[in-house]
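Comments concern the structure below.
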Amino acid sequence: MTQRILVVDDDTDALEVYKTRLTHAGYEVETAESAEKALSRVKAFDPALIVTDVRMSGMSGLDLLEKVQSAMEGVDVVVITGHDDMETAVTAMKSGAFDFLVKPVDPKALQGLAERCFREQALSLEVSEEDVASESEALPRGQLIGRDARMIDIYKTIGVLAGNRATVLIRGETGTGKEVIARAIHEHSLHSEHPFIAVNCTALTETLLESELFGHVKGAFTGAVGTRKGYFELAGDGTIFLDEIGDTSSEFQTKLLRVLQERRFYPVGGEQSRPTEARVIAATHQPIEDLIEEGHFREDLYFRLKVIEIVVPPLRERPGDVELVANALLSRIRAETHRNVHRISDEAVSRLQSYDWPGNVRELENALMRAAIVARGTVIGSDHLMLGQEGRGEDEDLSLDRAAQRHVRRVLRLVGGDEAAAAKRLGITKKSLKEHLASD
């Protein structure tokens, strides 16, 4: 039997392109110019896959998805969304969409997605998303944005995580937005009304870190003049985000492992354990595998944390996203600085795209903030950008020593300043590393 696809879009030209490609691929295809017309044709046509645009006059694609999910078993839905509307894509995945495509849609990608959908249907590997009952707050526009394939995978993962309590490990360089992703997971979860508590593990001593997380009883340590509840108790069914987990001590790691295994904890100085239902999301910019090999991180805790692992790509590896991210940031910066800056010039965009961004999105935001303040007109020009050592000018010092020094500093930044780890990654001695750093 020929597999049937119903394509829904109020753009008749797009409908014709999609239908032509899918028909040539051997599928039986019908089209509808609105979600209402699609619903009227579903029963008679009996499609196994519906491909729908999200934004249409009348009923939206998300409304159509909801009706299909509630009334039709075994029908998959793929939604089409704009590149600047990723929060809708996350909501669609959360509501049970099979997948989504970003405009402009590549017909070849559409065909490939249809093939994958039918292949998974045949293998009975459909994933059921049961968290459609409640509408969660959408991702704030401009905080999570990008059309790089790895970023789109992250949006999908956020949607999948909405319906469960799995522990998550987020890995990525400083400034890539690890906490933003953690907050998005929480905000789209079934427990978003409970607290999201972020803890920077490097900002506290070990005793204070344990006190903050587990609480303490009176007299547990100097200054503990009363009993205090910790975050694992205060969070309830919410989320605790442990940033820079790679910098914690082995003693703390042992206690955290016990909490994850037993779902109970002991306040500092206490003898009675207490239950916790809080979800743990941890993050690090360090290579955990190296820390394990060096004896600085527990392997069993690593596996407990990485039930789901999200790797955030650095901004320099997705130059196609730089302009999108910059424009999204500019809207917020314009409101915060009260500057009438509405656009980034083409020359400025080119500089932004060619820069290395060692500080990632955080550095990009700071650069645009400075540019918006110094710009006198409505456009940020190339001259308004102060990007540090871009390394692409004609007068750059291209000596071997200077190039080596810059590479050593980049690797050192990647491993969080750990000279031993940097030397190991570079394949040189620690003494040689110091010599490179000292060279002029």
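Per my numbering, the sequence shown starts with residue -19, numbered consecutively. A virtual CB, placed ideally from N, CA and C, is assigned to each residue, including glycine. Since we're looking at a predicted model, the values are computed, not measured.
Endpoints, the beta strand (DSSP E) within which residue i is located
i, result
"R243", "Per DSSP, R243 belongs to no beta strand (DSSP E) and is neither H nor E."
"V140", "V140 -> not in any beta strand (DSSP E); alpha helix (DSSP H) instead, spanning 129 to 141."
"R145", "Taken as a continuous stretch (DSSP letters only), R145 belongs to no beta strand (DSSP E), as it is neither H nor E."
"F78", "F78 -> no beta strand (DSSP E), and no H or E assigned at all."
"F176", "176 to 180"
For residue i, the three-state DSSP class (helix, strand or coil)
i, result
"P338", "coil"
"E297", "helix"
"P27", "coil"
"I(-15)", "strand"
"N307", "helix"
"T61", "strand"
"A355", "coil"
"A400", "helix"
"E67", "helix"
"L417", "helix"
"L222", "strand"
"L119", "Interpretation of L119 is limited by its pLDDT of 30, a score under 50 that renders its predicted location unreliable; the figure taken from the coordinates is listed afterwards. Of the three classes helix, strand and coil, the one that applies to L119 here is coil, per DSSP."
"L42", "helix"
"F98", "helix"
"F277", "coil"
"T234", "helix"
"A12", "strand"
"P84", "coil"
"T264", "strand"
"D227", "helix"
"A113", "Confidence in A113 is poor, its pLDDT being 24 and thus under 50, which makes the residue's placement too unreliable to answer from."
"E257", "coil"
"I290", "strand"
"R323", "strand"
"I33", "Ile is not the amino acid found at residue 33; the sequence shown has Asp there. D33 falls in the strand class under three-state DSSP."
"I360", "strand"
Neighbourhood of residue i by C-beta, 7 Å cutoff - its chain only, sequence neighbours within 5 removed
i, result
"R163", "F176"
"E192", "V179, L184, G210, Y211"
"F194", "G210, F212, F245, Y246, P247, V248"
"H171", "D217, G218"
"R21", "L(-14), E10, A12"
"T409", "A403"
"P27", "R(-16), I(-15), L(-14), V55"
"E269", "none"
"V354", "H364"
"G373", "Since pLDDT at G373 reaches only 40, below the 50 mark, its modelled position is unreliable, and the value read off the structure follows with that caveat. Closer than 7 Å at Cβ, skipping near neighbours: no residue."
Contacting residues, own chain, Cβ-Cβ under 6 Å from residue i (five flanking each side not counted)
i, result
"R244", "S253, P255"
"G139", "V70, M73, K74"
"K136", "M73"
"M165", "Correcting the residue identity first, residue 165 is Ile in this sequence and not Met. So the list reads I138, L141, once near-sequence residues are dropped."
"A102", "none"
"V302", "L332, Q333"
Close beta carbons around residue i, own chain, < 8 Å, minus the five adjacent residues each side
i, result
"D(-10)", "E13, S14, D33, M36, S37"
"R314", "N320, V321, H322, A352"
"A18", "L(-14), V(-12), A12, I30, T32, L44"
"A306", "I324, V329, L332, L344, L348"
"E399", "L392, K410, L413, K414"
"Q88", "For the record, residue 88 in the displayed sequence is Lys; it is not Gln. Correct list, in chain order: R1."
"V197", "A204, T207, P247, V248, G249, G250"
CB contact check: residue i to chain B, cutoff 7 Å
i, result
"E13", "No chain B is present in this structure, which holds just one protein chain."
Proximity of residue i and residue j at Cβ, strictly below 7 Å
i, j, result
"V55", "F78", "no"
"A263", "D223", "yes"
"A352", "L365", "no"
"F25", "E10", "yes"
"A328", "G368", "no"
"Q49", "G76", "yes"
"I150", "I290", "yes"
"R145", "R259", "yes"
"L188", "L237", "no"
"I60", "L81", "yes"
"E8", "T(-8)", "no"
For residue i, the first and last residue of its enclosing alpha helix (DSSP H)
i, result
"E1", "As written in the sequence, residue 1 is Arg, which differs from the Glu given in the question. R1 -> alpha helix (DSSP H) spans -8 to 4."
"L149", "L149 -> not in any alpha helix (DSSP H); beta strand (DSSP E) instead, spanning 148 to 151."
"E186", "186 to 194"
"R163", "158 to 167"
Whole-number beta carbon distance between residue j and residue i, since they are thought to touch under 8 Å
i, j, result
"L214", "T147", "The pair is not a contact, with the Cβ atoms about 19 Å apart (cut-off 8 Å)."
"L295", "N340", "5 Å"
"I30", "A308", "Not a contact, Cβ separation roughly 30 Å."
"R389", "G155", "The Cβ separation is near 16 Å, so there is no contact."
"G152", "V292", "3 Å"
"E159", "F232", "Not quite, the Cβ-Cβ distance comes to about 20 Å (not below 8 Å), so this is no contact."
"S230", "R278", "7 Å"
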